[in-house]
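Counting from 1, position 110 in the sequence shown corresponds to residue 934 in our numbering; the numbering is continuous, with no gaps. Beta carbons: idealized from backbone N, C-alpha and C, even for Gly. The block underneath contains the structure these notes are about, expressed in structure tokens.
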Amino acid sequence: MTRDGTVIDGLEVNGAITVEADDVTIRNTRVRGTPGWWGILQRQGHSGLTVEDVEIFGNGRERTQFGVLNQGVMITVRRANIHTISNGISTEQGLIEDNYVHDPKLYKDDHVDMIMSSGPPAKGTELIIRHNVAVNTLDQTSAIALFQDFGVVRDVTVEGNLLAGGGWALYAGAGAKGTSSNIKVIGNVFSRRVWPKGGFAGPVAYWDAHGRGNVWRDNAWEGGGKVTPE
């Protein structure tokens, strides 16, 4: 996609969709992602991609690395069914809501995350992850991950999601690069459906309890009981 404002609606796509334009919308579309690549990619230097009411998946034999990969600025992903991939949704900023990301595939040397961020959002933006079902049926890496690969995590809201599986169901933003800030983890439900501890090792890791503006509130086990970071 190279024309600003393009709308893709109701297609069956065999291969990757690469967005090199602003304010593109992809809806009501099924994407069989390209082996080794992705289903949908927004390239660096672009912003405003909306992905909604789509299904994105790999063939289960060859790696499709990402369902949705955002290298640009703002993105919205809502009501997507993403499965049979290595990583579901990867972005540092935007709105990720009402998605079902599940049943990943593991290939050699992979980290496997259903929804992930690798660093801080772009200046003046934030990342909101809400009302998703993220189920990683493997013993690594996460259902939702906030990593410090490219900088100190800040300005992220993780709210009202159902999380299960992975090594830890949630990687909560702490790391060696510094103390995370303004991370709000509120009203999420952690499930034991995949592993008895939520994730293979536990429900949550890498939480900065004393980070400025960090909030951990009303997070519970499916069926009852509080979830508290170690």
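The residue among Val901, Gly1023, Arg1036 with its C-alpha nearest the C-alpha of Ser1004 is Arg1036. Excluding residues up to 5 positions away in sequence, Asp828, Gly829, Gly872 lie with their Cβ nearer than 7 Å to the Cβ of Asp847 in the same chain. Proximity to Ser942 across Ile913, Tyr924, Ala958, Asn923 peaks at Ile913, based on C-alpha coordinates. Here Val875 is near Ala904, since their CB atoms are less than 8 Å apart. Residue pairing by DSSP places Val901 opposite Val875, Ile920 in a beta bridge. Contact check for Val982 against Asn1006 fails: the beta carbons are separated by 8 Å or more. The beta carbon of Pro928 lies closer than 8 Å to those of His907, Thr908, Ile909, Ser910, Asn911, Gly912, Val936, Met938, Asn960, Thr961, Leu962 in the same chain, with the five residues before and after it left out. Sorting Tyr995, Leu994, Gly918, Gly999 by C-alpha distance to the C-alpha of Gly975 places Gly999 at the top. One alpha carbon belongs to Asp933, the other to Val977, and they sit about 24 Å apart.
Going by C-alpha positions, His870 is about 11 Å away from Met825. At least 8 Å separates the beta-carbon of Thr888 from that of Thr842.
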